[in-house]
Amino acid sequence: MEESARFDNILKLGKRFVEELGLDQSVDTLGRWMAHYVAELIHGAETAKEEDKDEKRSQCASAILELWDHHSTMPRGRRPFQDFEAILRALESLDPKNVESRYYWSVRNEAAKEQKNAESAAWLEITDEVDHTARLLIRFCLACAAQDDADKSMEWVTLAEAAGTTDVGYLPIIRFISNEVALTDEEVANDEDRKEIENRLKRLEEFTNLAQILSDRLRAKLDFTDNDALSSE
0 MEESARFDNI
10 LKLGKRFVEE
20 LGLDQSVDTL
30 GRWMAHYVAE
40 LIHGAETAKE
50 EDKDEKRSQC
60 ASAILELWDH
70 HSTMPRGRRP
80 FQDFEAILRA
90 LESLDPKNVE
100 SRYYWSVRNE
110 AAKEQKNAES
120 AAWLEITDEV
130 DHTARLLIRF
140 CLACAAQDDA
150 DKSMEWVTLA
160 EAAGTTDVGY
170 LPIIRFISNE
180 VALTDEEVAN
190 DEDRKEIENR
200 LKRLEEFTNL
210 AQILSDRLRA
220 KLDFTDNDAL
230 SSE
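Written out as structure tokens, the structure reads:
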């Protein structure tokens, strides 16, 4: 990237930090100080005389990039991706491609290996399918909940990438959220999306059937209990 163009993009990132941290309206003293500091460096770089320009620009760019490197430690309420922190942790644990189930995977795995009864082994296998489908459902709900924040955060991602930063850790999760919700759009974008939708439909239908079986059993138990109570009166 041409140095002058990169510097301009770094300045844009710095100005966004100043805007987010707040110069006057913020009650957060540290955030306000950081905003003033970055704003002064930006002003100095933009108004520097020719003999001081390189030094001022270098100092300004270094400070902005260092601030970006530590954006996760910025004051609460001012961090660029704060709204994603809890969702990111939840989504990582809910990744259906993770072979380890959230629920007693090691115990169930050993039980499945030792299980001699075919029916019991089948039910243990079903628990894995239920776990996988439940992750899909919860992941979709989380993605929908975070969609508005994803739109806002894309601004930060775009600025950081344009500035040439090497670490945009939240980019994958922001893209994931957009892709996750896009699967419910009216139009199927490509064959890969179609395949994924068909796979999810199959799992959801199996999940629904299993839920119906459990519902029928519980309802039958209630009916039996009610009938038994009536006959004893």
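Note that the sequence shown ends on residue 232 in numbering that gives the first Met the number 0; no numbers are left out.
No residue lacks a Cβ here, since even glycine has one placed at the ideal position from N, Cα and C.
This one's a predicted model, so the numbers in the text were calculated from it and none came from an experiment.
Would you tell me roughly how many angstroms separate the C-alpha atoms of residue 64 and residue 153, rounded to the nearest one? 18 Å
What is the residue span of the alpha helix (DSSP H) that residue 46 lies within? 28 to 46
If contacts are defined as beta-carbon pairs under 8 Å, then residue 20 and residue 30 qualify, I think. What distance do you get, rounded to the angstrom? 4 Å
Check whether the stretch 68 to 78 touches the stretch 118 to 128, taking contact to mean three or more Cβ pairs, one atom from each stretch, closer than 8 Å. no
When you compare only the Cα positions, how much space is there between residue 16 and residue 34? 7 Å
Figure out for me which residue from 161, 155, 203 and 11 has the closest Cα to the Cα of residue 78. 155
Cβ separation of residue 182 and residue 197, assumed to be a contact under 8 Å, to the nearest whole Å: The pair is not a contact, with the Cβ atoms about 11 Å apart (cut-off 8 Å).
Residue 164: which of 56, 49, 3 and 60 sits nearest, CA to CA? 60
Would you mind stating whether residue 145 and residue 86 have Cβ atoms separated by less than 9 Å? yes
Return the first residue and the last residue of the alpha helix (DSSP H) that residue 4 is part of. 2 to 20
Return the first residue and the last residue of the alpha helix (DSSP H) that residue 56 is part of. 49 to 68
Please go through the same chain and pick out, in chain order, the residues whose beta-carbon is closer than 6 Å to the beta-carbon of residue 206, but skip the five residues on each side of it. 132
So, is residue 67 buried or exposed, given that buried needs 16 or more other C-beta atoms within 10 angstroms? buried
When DSSP labels each residue in this structure, what does residue 182 get in the three-state scheme? coil
Check residue 164 in the structure and name its three-state DSSP category. coil
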